[in-house]
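Numbering (this note's numbering), first residue to last: 35 to 321.
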């Protein structure tokens with residue numbers, strides 16, 4: 035244990051704390067974060083694939099009695115019959131679709147059964163960089179549309195709704211927040227129109243069915259969490275090996291100066307002056 039006392043020095047203690055903290059983050063935060071994204075992406079892709087191959091169902095079969103849309107119902111295609119409410123329209127600002135900025139257009143629809151849903155009619159591109167363009171109104175009267183069920187997004191603190199040019203604008207597609215802005219009791223979820231449906235603008239494309247790099251990233255963080263302590267152990271072992279070599283050198287080094295001093299004492303000076311020779315004879319120091 036005495037050989038390991040150097041580990042109690044501040045530099046080694048700090049290194050051990052950093053390595054332990056990094057490994058802890060890898061196993062409890064970073065790897066689960068990436069693996070969780072891989073799981074959610076795979077689940078989303080499965081739901082989209084199933085919805086593509088399934089026939090639309092009436093919207094009443096997926097509307098909850100209360101609370102949000104069920105997770106397993108997201109991306110399902112449903113048919114809805116109702117009347118658009120363009121006077122309560124809102125925009126989602128600061129969106130990016132296919133790499134370019136866009137506004138998403140949200141128009142409530144009152145169903146024939148009385149419930150009000152939030153329909154995403156697609157997107158429009160801003161003019162002059164940040165200004166929403168004139169928006170084509172939806173059809174009037176009772177209309178039947180086929181939409182995809184979507185769950186509400188979370189809201190961001192500090193990003194409150196605004197009103198610009200008389201139109202409410204929000205930063206996230208959250209039915210509760212939009213309902214509070216426009217004054218309607220909206221179903222907790224939203225419904226995305228596809229191309230060719232009544233009232234659609236430029237439809238929002240479906241996500242690419244690609245699992246992405248999340249699984250490999252998660253495995254990499256797990257590997258880093260294992261490698262960090264192993265790296266610390268390697269440096270500790272290297273330090274112990276170097277200290278052992280140092281002790282061995284110190285044990286061998288004292289014999290060399292003794293032999294050298296003896297040889298120097300017995301070596302006859304090559305030349306001596308006359309005065310040095312007399313002094314040596316007088317005091318008996320000459321050999």
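All C-beta atoms, glycine included, are put in the ideal place defined by N, C-alpha and C. Here the structure is a predicted model, which means the values were calculated and not measured.
Quick check: the Cα distance between residue i and residue j, rounded to an integer number of angstroms?
| i | j | result |
| --- | --- | --- |
| residue 141 | residue 126 | 11 angstroms |
| residue 215 | residue 237 | 24 angstroms |
| residue 317 | residue 276 | Note that residue 317 scores 46 on pLDDT, short of 50, meaning its location in the model is unreliable; the coordinates nonetheless yield the value given after this. So the alpha carbons of these two residues sit roughly 51 angstroms apart. |
| residue 157 | residue 254 | 38 angstroms |
| residue 163 | residue 200 | 19 angstroms |
| residue 287 | residue 258 | 43 angstroms |
| residue 243 | residue 41 | 51 angstroms |
| residue 83 | residue 130 | 24 angstroms |
| residue 230 | residue 181 | 11 angstroms |
| residue 55 | residue 46 | 14 angstroms |
| residue 174 | residue 128 | 29 angstroms |
| residue 36 | residue 278 | 13 angstroms |
For residue i, which residues from the same chain have a beta carbon less than 6 angstroms from its beta carbon, with the 5 sequence-adjacent residues on both sides left out?
| i | result |
| --- | --- |
| residue 256 | 65 |
| residue 225 | 151, 153 and 181 |
| residue 234 | 155, 156 and 227 |
Thinking residue i and residue j are a contact (beta carbons under 8 angstroms), I'd like their distance in whole angstroms, please.
| i | j | result |
| --- | --- | --- |
| residue 248 | residue 75 | 6 angstroms |
| residue 69 | residue 252 | 4 angstroms |
| residue 49 | residue 266 | 7 angstroms |
| residue 72 | residue 245 | 6 angstroms |
Taking Cβ to Cβ, would you say residue i is nearer than 9 angstroms to residue j?
| i | j | result |
| --- | --- | --- |
| residue 334 | residue 186 | Limits of the chain in this structure are 35 at one end and 321 at the other, which puts residue 334 out of reach. |
| residue 92 | residue 112 | yes |
| residue 212 | residue 221 | no |
| residue 159 | residue 136 | yes |
| residue 183 | residue 148 | no |
| residue 197 | residue 114 | no |
| residue 219 | residue 172 | no |
| residue 176 | residue 116 | yes |
In chain order, what residues of the same chain lie with their CB nearer than 8 angstroms to the CB of residue i, ignoring the 5 residues before and after it?
| i | result |
| --- | --- |
| residue 326 | In the structure as shown, the chain begins at 35 and stops at 321. Residue 326 is therefore absent and cannot be evaluated. |
| residue 101 | 222 |
I'd like the list of long-range same chain contacts for residue i, defined as Cβ closer than 7 angstroms, with 5 residues on each side in sequence excluded.
| i | result |
| --- | --- |
| residue 202 | 124, 195, 215 and 216 |
Could you give the uninterrupted runs of the alpha helix (DSSP H) lying entirely in the region 52-129, keeping only those of 4 residues or more?
-> Complete alpha helix (DSSP H) runs here, min 4: 65-87.
Quick one: complete beta strand (DSSP E) runs, 3+ long, within the region 153-184?
-> Correct list: 176-184.
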